[in-house]
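To keep things clear, I will list the structure first and then write my remarks on it.
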Amino acid sequence: MCQGWGVTEESIDELQCSAKGCRADAVWALRWNNPKIHTPDRRKIWLACDDHRESLSAFLDRRDFLRDVVPVAERDLPA
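Here it is as structure tokens:
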């Protein structure tokens, strides 16, 4: 859990989609890394609503950055 960022199970409903201009609740966590600058075990996370899951995933996948997509509640669990 990202406790240092103030994210708790109670605040999960406040997480918003990472797509530009979207304020919808996040449903998915897109876990990714840039292999040119991140270690293999490092994961960055973009959040997505149902409407933007595919477009955000495709953007990351085209760059070979996407590692996996999980429900937002599972975003901090090991891959």
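Under UniProt numbering, think of the first position of the sequence shown as 1, with each following residue one higher.
Backbone N, C-alpha and C define an ideal beta-carbon position, used for all residues, glycine too.
Quantities reported herein were computed from a predicted structural model and do not represent experimental measurements.
Residue i classed as buried or exposed, judged by whether at least 16 other C-beta atoms fall within 10 angstroms
i          : result
residue 77 : exposed
residue 38 : exposed
residue 42 : exposed
residue 58 : exposed
residue 73 : exposed
Residue i versus residue j - alpha carbon distance
i          : j          : result
residue 31 : residue 64 : 12 Å
residue 45 : residue 23 : 17 Å
residue 60 : residue 14 : 24 Å
CA nearest to the CA of residue i, picked from the options
i          : options        : result
residue 26 : 51, 59, 60     : 51
residue 79 : 47, 40, 62, 53 : 40
residue 19 : 35, 36, 49     : 49
Residue-chain proximity (residue i, chain E), Cβ-Cβ < 9 Å
i          : result
residue 50 : Among the chains in the structure shown there is no chain E, since it carries only a single protein chain.
Where residue i falls: helix, strand or coil (DSSP)
i          : result
residue 31 : strand
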